[in-house]
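K.L.:
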Amino acid sequence: MPLIATLITALFITVVMIPYLMRYAGSLGLVDLPNERKVHLHSVPRIGGVAIVIAFLVPFVIWFPKTQEFAGIIAGVVLLFVFGVWDDRRDISYRLKFGGQLLAAVAVVAVGDIRIEWIPFYSQPLESVWISWALTIFCLLAITNAMNLADGLDGLAGGASILSFGLVGLLSYQSGSYPLVLTTCAVAGSILGFLRFNSHPARIFMGDTGSQFLGFILGVQVILLTQKVNTAMSSALPLLILGLPVIDTASVMIRRIVMGRSPFSPDKNHIHHRLLQMGLSHYETVVVLYFIQCAFIFLAYLLRFHVDAVVLAAFALYSLMLLAVIQLALQGDRVRRHAVNMGNMGALLVSPFRRISQQSRLNNLLQIALALVIPLYSFYAVFSSDQLSPDIGVLAVMLALMMAVNIVAPSKRGWLDAIGMYTACALIAYLGYQPERPAFWLLALDWFLVLLLGLAVWLSVMATSHRMFETSPLDFLVILLTILVPLLFGQFERHNEILLAVVKFIVLLYAFEYIRHGDRLININMIRTVLMVCLGVIGMGAVI
2 MPLIATLITA
12 LFITVVMIPY
22 LMRYAGSLGL
32 VDLPNERKVH
42 LHSVPRIGGV
52 AIVIAFLVPF
62 VIWFPKTQEF
72 AGIIAGVVLL
82 FVFGVWDDRR
92 DISYRLKFGG
102 QLLAAVAVVA
112 VGDIRIEWIP
122 FYSQPLESVW
132 ISWALTIFCL
142 LAITNAMNLA
152 DGLDGLAGGA
162 SILSFGLVGL
172 LSYQSGSYPL
182 VLTTCAVAGS
192 ILGFLRFNSH
202 PARIFMGDTG
212 SQFLGFILGV
222 QVILLTQKVN
232 TAMSSALPLL
242 ILGLPVIDTA
252 SVMIRRIVMG
262 RSPFSPDKNH
272 IHHRLLQMGL
282 SHYETVVVLY
292 FIQCAFIFLA
302 YLLRFHVDAV
312 VLAAFALYSL
322 MLLAVIQLAL
332 QGDRVRRHAV
342 NMGNMGALLV
352 SPFRRISQQS
362 RLNNLLQIAL
372 ALVIPLYSFY
382 AVFSSDQLSP
392 DIGVLAVMLA
402 LMMAVNIVAP
412 SKRGWLDAIG
422 MYTACALIAY
432 LGYQPERPAF
442 WLLALDWFLV
452 LLLGLAVWLS
462 VMATSHRMFE
472 TSPLDFLVIL
482 LTILVPLLFG
492 QFERHNEILL
502 AVVKFIVLLY
512 AFEYIRHGDR
522 LININMIRTV
532 LMVCLGVIGM
542 GAVI
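To convert, note that position 7 of the sequence shown is 8 in the working numbering; the numbers rise steadily by one, no gaps.
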């Protein structure tokens with residue numbers, strides 16, 4: 002299925018490219034140095050945007066229909082990419098940066114004929130092409146810069162934007178727009194690959210290349226969705242889809258104007274800065290902002306077909322309430338004390354179990370159980386699936402070869418081991434999904450194996466003292482997506498099976514992560530061999 006292949010290809014390219022880009026970031030001059038406006042204290046490579054854009058372009062060029070819209074998007078993205086890399090390397094003036102954004106927006110409108118024709122409170126399409134062009138270019142510039150300004154903490158821009166892209170993909174799917182869903186899959190795959198390296202503490206930044214690209218392509222997608230794909234949706238819906246970047250940029254600019262300063266002058270008045278001032282940690286701030294954006298997304302889905310006045314009222318009320326709560330919270334530190342107390346409570350609950358497991362060798366038994374359940378479930382997913390297609394077969398063969406390389410030389414190919422296992426777990430979760438309703442006993446067996454594997458992973462993690470298993474903002478992002486998927490797909494009869502597929506992916510992801518970084522009582526080569534055999538079977542099944 003091209004959509005799955007698009008997502009996995011973009012994910013694969015990003016994860017493969019980033020370690021090499023990090024290695025040469027210094028020599029290329031693509032390093033972000035700390036200053037008074039930034040949160041990080043050490044120099045960090047800001048070359049992640051290069052990987053994100055390239056990972057998007059490759060599957061997009063391969064699978065997207067070669068239409069006028071395709072040409073416009075390619076022209077705009079390439080122009081923005083050139084100016085973005087130039088800015089990340091040389092810190093060019095805002096005039097040059099704005100000029101690059103303007104050229105990219107004009108290319109999308111002129112070459113791709115992607116423009117705004119329907120506006121709020123006006124029941125007829127715009128008659129003037131020039132007004133349509135000007136409004137589209139203005140909106141693309143505003144969204145691009147809003148996302149660029151919102152990129153202030155590790156994982157923030159990528160995590161918040163992937164929630165918006167997810168909703169655009171869902172609404173496009175419901176509206177029958179295959180090209181727009183494919184575009185969303187390409188962007189989502191590249192962001193997910195990047196977030197593996199960008200969660201706090203970040204090893205790489207996306208830079209202006211990445212943040213401008215995310216804002217720009219998201220702007221293009223919401224315009225296509227509401228102006229061409231499904232004009233029955235409210236023309237004000239993009240405000241809710243974009244949500245956090247819009248309210249953050251608007252509130253900062255209004256505050257600067259009230260203070261008698263230029264709306265474009267730099268400061269530390271963004272929402273994430275204000276949450277940090279409240280006493281929240283970097284980690285806690287990003288998680289709070291994910292939940293804020295999640296609420297915007299849920300409102301957008303619920304109000305997608307309502308009149309413009311309702312959508313704008315919901316956006317205004319939620320935004321005002323949000324800003325008021327933040328302002329009130331700045332006057333006290335109760336939020337921070339509550340977070341500390343919750344963390345201490347969690348440590349008190351985990352410590353006794355950890356001591357008992359280490360003294361009774363329960364940890365060893367749990368890891369042995371985990372080593373048995375992973376192969377059992379992998380073989381079950383493969384042999385019970387009828388989702389085998391040529392593109393899935395090719396992907397499976399590539400992954401099997403990667404497993405073989407890591408069996409021979411695991412220490413020399415750490416990144417290859419990670420991408421191979423993570424992509425394999427996504428493929429196994431996908432193959433476990435049945436397009437037709439399975440027999441009850443098969444569904445019961447599926448749930449039993451997933452719950453058994455999840456229990457084994459959870460107990461193993463609780464029994465270990467490794468800090469690498471503490472939750473991160475990326476973990477919360479995955480949990481939010483897990484909750485949103487079944488809720489937003491609730492109108493479909495088989496949303497329980499969709500939820501099961503998402504749960505499978507999360508459980509397998511953490512299982513493989515534990516195998517790779519745990520106490521190493523499990524023979525990791527055994528797991529690699531099992532996966533290699535499973536993937537080989539998938540490849541042969543797709544061919545036969």
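Cβ coordinates follow ideal geometry from the N, Cα and C atoms, glycine included.
Keep in mind it's a predicted model, so treat the numbers as computed, not measured.
Between Glu-128, Gly-73, Thr-184, Ile-138, which lies nearest to Ile-5 when the distance is taken from Cα to Cα?
P.N.:
Minimum Cα distance to Ile-5 is reached at Thr-184.
K.L.:
Assuming contact is defined by CB atoms lying nearer than 7 Å, are Leu-241 and Ala-301 in contact in what I supplied?
P.N.:
Cβ distance < 7 Å, so Leu-241 and Ala-301 count as in contact.
K.L.:
Given a threshold of 16 other Cβ atoms within 10 Å of its Cβ, counted over all protein chains shown, does Gln-213 qualify as buried or as exposed?
P.N.:
It counts as buried.
K.L.:
In its own chain, which residues sit with a C-beta less than 7 Å from the C-beta of Ala-427, not counting the 5 before and 5 after it?
P.N.:
The residues are Ile-9, Phe-506.
K.L.:
Could you spell out the range, first to last residue, of the alpha helix (DSSP H) harbouring Val-326?
P.N.:
Per DSSP, Val-326 belongs to the alpha helix (DSSP H) from 309-330.
K.L.:
For Phe-71, which residues of its own chain have a beta-carbon under 6 Å away from its beta-carbon, when the five flanking residues on both sides are left out?
P.N.:
Answer for Phe-71: Phe-65, listed in chain order.
K.L.:
Give a yes or no on whether the C-beta atoms belonging to Gly-49 and Gly-216 are separated by under 7 Å.
P.N.:
Their beta carbons are not under 7 Å apart, which means Gly-49 does not touch Gly-216 by this criterion.
K.L.:
Let's see if you can read the secondary structure: which residues bound the alpha helix (DSSP H) around Asp-209?
P.N.:
That run of the alpha helix (DSSP H) goes 208-225.
K.L.:
Under 7 Å, do Met-322 and Pro-246 count as touching if we go by C-beta distance?
P.N.:
Going by C-beta atoms, Met-322 is not nearer than 7 Å to Pro-246.
K.L.:
When you compare each of Tyr-319, Ala-233, Cys-535 to Val-308 by their alpha carbons, which one comes out closest?
P.N.:
Checked all of Tyr-319, Ala-233, Cys-535; the closest Cα to Val-308 is Ala-233.
K.L.:
Here's a check: name, in chain order, each residue in its chain whose Cβ is nearer than 6 Å to the Cβ of Val-398, leaving out the five neighbours to either side.
P.N.:
Excluding positions up to five away in sequence, the list reads Gly-540.
K.L.:
By Cβ distance below 7 Å, which residues in the same chain neighbour Val-110 in space, the five residues on each side in sequence not counted?
P.N.:
Within the same chain, Val-110 has close Cβ partners Arg-116, Trp-134, Thr-137, Ile-138.
K.L.:
Mark Phe-122 as exposed unless 16 or more other C-beta atoms lie within 10 angstroms of its C-beta, in which case mark it buried.
P.N.:
So Phe-122 ends up on the exposed side.
K.L.:
Can you find the residues in the same chain that come closer than 7 Å, C-beta to C-beta, to Arg-529, ignoring five residues on each side of it along the sequence?
P.N.:
Excluding positions up to five away in sequence, the list reads Met-404, Asn-407, Ile-408.
K.L.:
How about Pro-60 and Ala-187: are their beta carbons less than 7 Å apart?
P.N.:
Yes, Cβ-Cβ distance for Pro-60 and Ala-187 is below 7 Å.
K.L.:
Note the first and the last residue of the continuous alpha helix (DSSP H) segment covering Lys-67.
P.N.:
Segment: none, Lys-67 is in no alpha helix (DSSP H) and carries neither H nor E.
K.L.:
Express the C-alpha separation of Trp-119 and Pro-180 in angstroms, rounding to a whole number.
P.N.:
Straight-line Cα distance between these residues: approximately 21 Å.
K.L.:
Can you tell me which of Val-107, Leu-226, Ser-162, Asp-209 puts its alpha carbon nearest to the alpha carbon of Ser-176?
P.N.:
Among Val-107, Leu-226, Ser-162, Asp-209, the Cα nearest to that of Ser-176 belongs to Leu-226.
K.L.:
Return yes when the Cβ of Val-508 is within less than 7 Å of the Cβ of Arg-432, no when it is not.
P.N.:
Note on identity: in this sequence residue 432 is Leu, with Arg being the wrong assignment. Contact flag unset, no.
K.L.:
When the Cα atoms are used, what is the spatial distance from Ser-44 to Ala-105?
P.N.:
Their backbone Cα atoms lie some 30 Å apart in a straight line.
K.L.:
What are the boundary residues of the alpha helix (DSSP H) that includes Ser-173?
P.N.:
Taken as a continuous stretch (DSSP letters only), the alpha helix (DSSP H) holding Ser-173 covers 157-175.
K.L.:
Report, in whole angstroms, the separation of the C-beta atoms of Ala-151 and Leu-157, which I expect to be a contact under 8 Å.
P.N.:
7 Å between Cβ atoms; contact.
K.L.:
Pull up the distance between the alpha-carbon of Gly-537 and that of Phe-316, whole angstroms please.
P.N.:
Cα-Cα distance, rounded: 51 Å.
K.L.:
Leaving out five residues on either side along the sequence, give the residues of the same chain with a beta carbon under 8 Å from the beta carbon of Val-169.
P.N.:
Same-chain partners within the cutoff: Leu-181, Thr-185, Leu-219, Gln-222, Val-223, Leu-226, Ile-242.
K.L.:
Rounded to the nearest angstrom, what separates Phe-84 and Leu-103 at their Cα positions?
P.N.:
Whole-angstrom Cα-Cα distance: 11 Å.
K.L.:
Do you know whose CA, among Thr-424, Leu-532, Met-527, lies nearest Phe-13's CA?
P.N.:
Nearest option by C-alpha distance: Thr-424.
K.L.:
Output the residue ranges of the beta strand (DSSP E) runs that lie fully inside the stretch 279-309 and measure 3 residues or longer, sorted by chain position.
P.N.:
Complete beta strand (DSSP E) runs here, min 3: none at all.
K.L.:
Alpha carbon to alpha carbon, how far is Thr-286 from Val-253? Give it in angstroms, no decimals.
P.N.:
Their Cα atoms are separated by approximately 17 Å.
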